[in-house]
Amino acid sequence: MEFQAPRGTTDVLPDDQGYWRYVESTASQVAESFGYRRIDTPVFEDTNLFVRGIGDSTDIVEKETYTFKDRGGDSLTLRPEGTASICRAYLQHGMHNMPQPVRLFYLCPNFRYERPQAGRFRAFHQFGIEAFGESDPYIDAEVIEVSWRFLKAVGIDDISLSINSIGDMDCRPKYVDALKTHYQNHSSSLCPDCHRRLDTNPLRLLDCKIESCQPIIESAPKGTEYLCIPCNTHWLQLQEYLTAVGIRFNVDNTLVRGLDYYSRTVYEITPPTDRRTNVIAGGGRYDGLLEQLGGPATPGIGFGMGIERVIENIKRLGINIVADSKLNIMLAHMGEPAKKESIRLSSEIRQLGAEAFVGPSRGLKSQMRYASNMNASHTIIIGDDELSSGTYTVRDLTSGDQSEMTADGILNFVKDYDNSHRVN
RNA sequence: GUGAGCGUGGCCAAGUCGGUUAAGGCGCCAGGUUGUGGCCCUGGAGAUCGAGGGUUCGAAUCCCUUCGCUCACCCCA
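In this text, residue positions in the first sequence follow the numbering used here: the first is 10, and each later residue adds one.
Written out as C-alpha cells, the structure is:
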C-alpha cells in the first residue's frame, strides 16, 4: 500500500465512533455538572507560549514538539498539551476580570513527536479541565473529583488515585537540595539515567524503575516532610476534602510530574495493571504559570486525560456502549420506476428525521442481505406490483413481520414510531 | 534517541532446513424460489508473499539494504 496514516496516528473507523461519542458526551456532562464550561483553542500556537509555559528544559518542549515556520516566517508549534493554550486564552480574553474561580474544560487533539507504543501516540486526544483564580484546596479536591467521577461514569471502576505535594517556590528548592545531597552520597551506585537526572530533573530521580536505584529512592527524603507551613496546610486540607467526598487515595511521595509549571498538588489516576506505565489522567496545581506567561499572579489547577487510554480501558473491561435503537429503513426496489419511487420516498422519510437509504441496485435477495448487514430496522419493498396497487411491503427485520402500507401510511408510521419507540 | 520482535489477498492467518497451479477461516459477490435478510450448502472474485538488490536451474522461504508496524526503555495522557 502506497499511503498509510502517519506514524503514531490512527483512523477512528465507524465501528469505533460509538466509544468516542460516548466518552466525549460523558466528559461534557460530568464537567458541566461541576460548573465547567467548554473552551476550544487553536491546534497551533506561538512556539514561545510552550517554551515559556511548559518549560524549555522539559522533554516535551525540548524534543517532542511539532514546530514549523509558516509562510510569514513565524514559528508555530502544534499544541503538545492543553494547559498553556488555555492560560493564554484566559489572559487574552481578560478572564481574570470574570468572577473567580473560572472553570473551563476542553476536548481536543494534541501532538507529540515520540516513538509510539502501547497507549502512546503522536496525535492523541485529551479531555481536561482548568480552574483559575482559586488557591483554596477545595478546588484541588474538586478537580480531582471531576476526573474521578468521569472515569466512574464511563464505567472504569478499578482505578486508583495517587496524590502528592511538591511544595512551592519557597519550600521546593530546599527539598530539591536535600534530595540532591542524598543522591550525591550514593552517586557511585546510580544508574546512568539517574546520573543525568541529578543534573537535569532531580525530582524525576524518584520514579526511576531500575532495580538498583530502588533502595536509594526508599531512603530518600520525602517531599511532604519539607513543606512550608502554607503548603502543608494546603496539603492536609486537600486530603480532608477528598475524604469528605468519599474518594480513596494513596499518598505517593515519589509522584512527580514532567512539566515545569506544577506546584503543590500533583496527582495521577491509574488502572490496576502497572502503576506508572499507563496513567489515564494526571494533573496538578500551577500557581506560577499565569504570571510566567505575562499575566497577573493567578492560581490555577487542572488535569489532562488521554482519551485513547480511556477508550482502551473501556474495551479492556468490556464495557458495553448502548446504541439507541432508532428507526433505520432501507428501501428495496425492483425495476427503474420502483427505484425512482424508493429514492423519492426515502427522501420524504429522512425529512421526518428518520434514517433511510436506498438499497443497492442488485437482486432483492442481495438487497435484503445488505439491509440486514447495515442493521436496518425495516425494509420497504417496492416493485411493479406495489406501484400498481399503491401499497408497499414493509418488513420489520427484527421480528420478521410484514405488512402492506401506502406511502402516506409509511410516513405516518415513521412519525409515530419516532415518538413512541425510541430507546436510550 | 536505545533495544527486541514482526511484516503473506480488506481482516485473521498456514507455509519459512528453497522445488509443480501460495492452505484454511472471516468478510465480500453470486447461485440454491418465480420478488425477501439473519442459519446451512455450492461456486466466484481477490496476493507481483512490505520494497529494492543478490545467491540459485528454481525463493514467500537463504544473504544484504531499506521502509513500515508492534513492544519495552526514555518520557508522558
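Every residue, glycine too, gets a C-beta built ideally from N, C-alpha and C.
In the DSSP assignment, H102 falls outside any beta strand (DSSP E) and carries neither an H nor an E. Counting of Cβ neighbours within 10 angstroms places M104 among the buried residues, the total reaching 16 or more. Rounded to the nearest whole angstrom, the C-alpha separation of M178 and D25 is 45 Å. The alpha carbon of Y295 has as its nearest neighbour, out of A365, P280, V288 and F312, the alpha carbon of F312. Its chain contains T86 and P89 as the residues whose beta carbon lies nearer than 6 Å to that of T74, once the 5 sequence neighbours on both sides are disregarded; these appear in chain order. Contact between G303 and R266 does not hold, since the beta-carbon distance rounds to 23 Å and is not under 8 Å.
Contact check for I172 and Y45: beta-carbon distance about 21 Å, past the 8 Å limit, so the pair fails to qualify.
The secondary-structure analysis by DSSP pairs T415 across a beta bridge with T400. Contact between T18 and A132 holds, since their C-beta atoms are separated by about 5 Å, short of 8 Å.
Counting every other CB atom within 10 Å of its CB across the protein chains shown gives Q376 a total of 16 or more, marking it as buried. Nearest C-alpha to T35 among T402, I391, I330 and I238: I330.
Of the candidates R47, I352, G137 and V163, the residue whose Cα lies closest to the Cα of Y28 is V163. Relative to the Cα of L207, the nearest Cα in the group E357, K189, F12 and I289 belongs to K189. The continuous beta strand (DSSP E) containing D55 extends over residues F53 to D55. Beta-bridge partners assigned by DSSP to Y115: G137. Distance between L336 and L298, taken at the CA atoms: about 51 Å. Per the C-alpha coordinates, the member of T242, R378, A14 and D186 positioned closest to P369 is R378. Pairwise C-beta distances place the stretch 240–259 out of contact with the stretch 221–228, as fewer than three of them are shorter than 8 Å. For N210, the closest of P15, D186, S351 and H134 by C-alpha to C-alpha distance is D186.
Secondary structure of K78 (DSSP, three-state): strand.
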